[in-house]
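Q: My numbering applies: residue 617 is where the sequence shown begins, and numbers increase by one.
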Amino acid sequence: MTPSTTCACLPWPHTARRIAAVLALTLASGLAIAQAPASLKLGVIVGTSGPFNVAGAEQKRGVEIALAHLNGRLGGVPFEVIEADSKGNAEATVSEMSRLIERDHVDLIAGLTASNEIIAAIKPITDAKVFFFGMNGGPAPIAGAGCSPYYFNASFQNAQITRGIGGYMSAHGVKKLYLIGMDYEAGHEHTDAARDGFTGDVVGQSYTPLTQLDFAADIAKIRASGADAVFAFYPGGPGIAFVRQWAQAGMTGKVALYSNIALSEPTVFQAQGKAAVGIIASGNYSATLENPANARFVQDFRAKFGRDPASFAGLAYDTMMLIDAALRQVKGNIRDQAAFRAAIEHVRFDSVRGPFRFGSNHQPIQTNYVFEVAQRTDPGGAQRPDAGLYLKRVGVATENAVDEFASKCQMK
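1. What does the alpha-carbon distance come out to for the pair glutamate 1020 and isoleucine 734?
2. Taking 8 Å as the cut-off, decide whether the C-beta atoms of alanine 809 and alanine 775 are in contact.
3. Tell me where the alpha helix (DSSP H) around glycine 678 begins and ends.
4. Taking the straight line between their C-alpha atoms, what separation do you get for asparagine 949 and alanine 958?
5. Can you tell me where the beta strand (DSSP E) holding asparagine 949 begins and where it ends?
6. Just list the residues that DSSP pairs isoleucine 725 with in beta bridges.
7. Need the endpoints of the alpha helix (DSSP H) that asparagine 910 sits in, please.
8. Just reading off the beta strand (DSSP E) that serine 898 is part of, what are its end residues?
9. Given a cut-off of 8 Å, decide if valine 989 and isoleucine 895 are closer than it, judged by their beta-carbon atoms.
10. Is DSSP giving glutamate 988 helix, strand or coil here?
11. For arginine 944, which residues of its own chain have a beta-carbon under 7 Å away from its beta-carbon, when the five flanking residues on both sides are left out?
12. For serine 771, count the other beta carbons within 10 Å of its own beta carbon; 16 or more makes it buried, fewer makes it exposed. Which is it?
13. Would the stretch 977-989 and the stretch 760-768 be scored as touching if the rule is three or more Cβ pairs under 8 Å?
14. Taking Cβ to Cβ, would you say alanine 942 is nearer than 8 Å to glycine 678?
15. I'd like to confirm the pairing. Which residues does DSSP put opposite lysine 1008 in its beta bridges?
16. Could you tell me whether the Cβ atoms of valine 670 and glycine 853 are closer together than 8 Å?
17. Please classify threonine 883 as buried or exposed, where buried requires at least 16 other C-beta atoms within 10 Å of its C-beta.
18. Let me check understanding here. Comparing Cα to Cα, which of Ser731, Ala744, Lys745, Gly760 lies closest to methionine 751?
19. So which of Gly842, Trp862, Ser714 has the shortest CA-CA distance to tyrosine 850?
20. Quick check on the DSSP output: what are the complete beta strand (DSSP E) runs of length 3 or more inside the stretch 845-902, in order along the chain?
21. Can you give me the Cβ contacts of glycine 783 inside the same chain, cut-off strictly under 6 Å, excluding the 5 residues immediately before and after it?
22. Tell me whether the stretch 901-908 and the stretch 999-1011 touch, counting them as touching only if at least three CB pairs, one residue from each stretch, are closer than 8 Å.
23. With a floor of 4 residues, list each alpha helix (DSSP H) that falls wholly inside the stretch 739-805, ordered by position along the chain.
24. Kindly indicate which three-state DSSP category glutamate 1020 falls into: helix, strand or coil?
25. Can you give the Cα-Cα distance for tryptophan 628 and methionine 937, rounded to whole angstroms?
26. Can you tell me where the alpha helix (DSSP H) holding threonine 709 begins and where it ends?
27. Quick test of your reading: glycine 762 and alanine 802, contact by CB under 8 Å. State the CB separation rounded to the nearest angstrom.
28. Give the DSSP-derived three-state secondary structure of glycine 816 in the structure shown.
29. Smallest Cα separation from glycine 704: which of Val697, Lys1028, Pro667?
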């Protein structure tokens, strides 16, 4: 009798189950391999033209230092950077976001410079399910009810870096306050936040167009109001113009000038010159913060650009390091979006700001400081790109603060 060729082994059902298990493992292994990309495409979109181009250029400098420190890899995976210009307006932002997602097929996106850009970007990134990492202030609607599981703000919620300055002004004798800022989301949010904790009288409030550079009439209104202090929100070019015209109008020393660090920091120090000395500004970052990550960043930034980094650069640098740390947690595999989202939500990295963590609405929980624009005394300082000015830390506005909109976010 010819021996059976089917088997002296295991019963058929057991064998089938075993084969199925092996196939399942093989398929799962193959799928995992397929999900871990050989390289990544990172879209970096900032306002390199338009009203916020000074800030956008500084963001690019921060990214440049970070990428050098990461040696051409994010989370251990080689990557390609694809740049875009948001131009400071919603239309360009939507157009460039669509290009990055639909034509360039980027895996991740980081950047944006202005709040109006971020509001415009939320729908495209959420619809496409592409993770976006914000490098600059997060507007209130997106921190609250409009929060998105695909948006992580690595910088600050707008009101967060102004919150506490109102109480500081009251503690330092301000009785009558005038509020002025650019007429867009961030301008309204920052000036409103400056009211918080202020116990005196707000004697006036006004907003100016994004492109306005002549503030003579506005300064005259402030003078006539009887204010003993003004809170002014003007980043970039408008901030240069406002501070210089403030000094030219003889207001320096007569009416105290408060802001957050968007008004006066290293990107505009040379243009503002001595007119900036004495400005009191709140903020979450300066080159003077003492921790190892910031020491390394500041040293290399100074070596390349000859001055201190502004917050726009520091927060852009942090954004890259945050992305790198989250990618390392998932070994570069972003195809499992739930795992990658969890890695971002619980990310730990060496921030130039010190301890960093996200709140439930994907906005950072962090400390807000108070700085004074001061003059260095070193020889030749005035010839430096920062005119020898720096942000001297003089206090703390809020400590490890959660933004006020977190309770309104129901993350879907």
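Idealized CB from N, CA, C, for every residue including glycine.
A: Taking the geometry as given:
1. Translated into the one-based positions of the sequence shown, residue 1020 becomes position 404. Translated into the one-based positions of the sequence shown, residue 734 becomes position 118. Going from the Cα of glutamate 1020 to the Cα of isoleucine 734 covers about 19 Å.
2. Residue numbering aside, residue 809 sits at position 193 when the sequence shown is read from its first letter. Residue numbering aside, residue 775 sits at position 159 when the sequence shown is read from its first letter. Yes; because the gap between Cβ atoms is below 8 Å, this pair is in contact.
3. Here residue 678 refers to the residue found at position 62 of the sequence shown. Element bounds for glycine 678: 669-685.
4. By one-based count along the sequence shown, residue 949 stands at place 333. By one-based count along the sequence shown, residue 958 stands at place 342. In a straight line, the C-alpha of asparagine 949 is about 13 Å away from that of alanine 958.
5. Within the sequence shown, the letter at position 333 stands for residue 949. Looking at the DSSP string, asparagine 949 is not in any beta strand (DSSP E), and its letter there is neither H nor E.
6. Position 109 of the sequence shown, counting from 1, holds the residue named residue 725. According to DSSP, which records beta bridges pairwise, isoleucine 725 is partnered with Gly659, Phe748.
7. Counting from 1 along the sequence shown, the entry for residue 910 is found at position 294. Start and end: 908-921.
8. Locating residue 898 in the sequence shown gives position 282, counting from the first residue. Boundaries of the beta strand (DSSP E) around serine 898: 896-899.
9. Reading the sequence shown from its first residue, position 279 is the one you call residue 895. Reading the sequence shown from its first residue, position 373 is the one you call residue 989. For isoleucine 895 and valine 989, yes; Cβs fall inside 8 Å.
10. On the sequence shown, position 372 is the one that residue 988 refers to. DSSP, reduced to helix, strand and coil, places glutamate 988 within a strand of the structure shown.
11. Taking the sequence shown and counting its residues from 1, the one referred to as residue 944 is at position 328. Within the same chain, arginine 944 has close Cβ partners Gly691, Gly692.
12. The sequence position of residue 771 within the sequence shown is 155, counting from 1. Looking at its Cβ environment, which holds 16 or more other Cβ atoms inside 10 Å, serine 771 is buried.
13. Three or more beta-carbon pairs drawn from the stretch 977-989 and the stretch 760-768 are found closer than 8 Å, and the two stretches are therefore classed as touching.
14. Position 326 of the sequence shown holds residue 942. Position 62 of the sequence shown holds residue 678. Glycine 678 sits away from alanine 942, with the two beta carbons spaced by 8 Å or more.
15. As a working note, residue 1008 is residue 392 in the sequence shown. DSSP output for lysine 1008 lists Glu988 as bridge partner(s).
16. For this step, residue 670 is matched to residue 54 along the sequence shown. For this step, residue 853 is matched to residue 237 along the sequence shown. Yes, these two residues count as a Cβ contact at 8 Å.
17. Here the question's residue 883 lines up with position 267 in the sequence shown. Threonine 883 is buried by the Cβ-count criterion.
18. Position 135 of the sequence shown holds residue 751. Cα-wise, what sits closest to methionine 751 is Ser731.
19. Translated into the one-based positions of the sequence shown, residue 850 becomes position 234. Of all alpha-carbon atoms in Gly842, Trp862, Ser714, the one lying nearest the alpha-carbon of tyrosine 850 is that of Trp862.
20. Unbroken beta strand (DSSP E) runs of no fewer than 3 residues, entirely contained in the stretch 845-902, are found at 845-849, 872-876, 896-899, following chain order.
21. Translated into the one-based positions of the sequence shown, residue 783 becomes position 167. The beta carbon of glycine 783 is closer than 6 Å to those of Gly813 in its chain, skipping five residues each way along the sequence.
22. The stretch 901-908 vs the stretch 999-1011: in contact.
23. Taken in chain order, the unbroken stretches of alpha helix (DSSP H) that lie wholly in the stretch 739-805 and span 4 residues or more are 756-759, 781-787.
24. Taking the first residue of the sequence shown as 1, we reach residue 1020 at position 404. In the structure shown, glutamate 1020 adopts coil according to DSSP, grouped into three states.
25. Here the question's residue 628 lines up with position 12 in the sequence shown. Here the question's residue 937 lines up with position 321 in the sequence shown. Because tryptophan 628 carries a pLDDT of 31, less than 50, the predicted location of this residue cannot be relied on, and the following value inherits that uncertainty. The alpha-carbon atoms of tryptophan 628 and methionine 937 are separated by roughly 54 Å.
26. Position 93 of the sequence shown holds residue 709. That run of the alpha helix (DSSP H) goes 706-714.
27. Taking the sequence shown and counting its residues from 1, the one referred to as residue 762 is at position 146. Taking the sequence shown and counting its residues from 1, the one referred to as residue 802 is at position 186. Taking the Cβ atoms as the reference, glycine 762 lies roughly 16 Å from alanine 802, outside the contact range of under 8 Å.
28. Locating residue 816 in the sequence shown gives position 200, where the first residue counts as 1. If DSSP states are grouped into helix, strand and coil, glycine 816 belongs with coil.
29. Numbered from 1 along the sequence shown, position 88 holds the residue referred to as residue 704. When the alpha-carbon of glycine 704 is set against those of Val697, Lys1028, Pro667, the nearest one is in Pro667.
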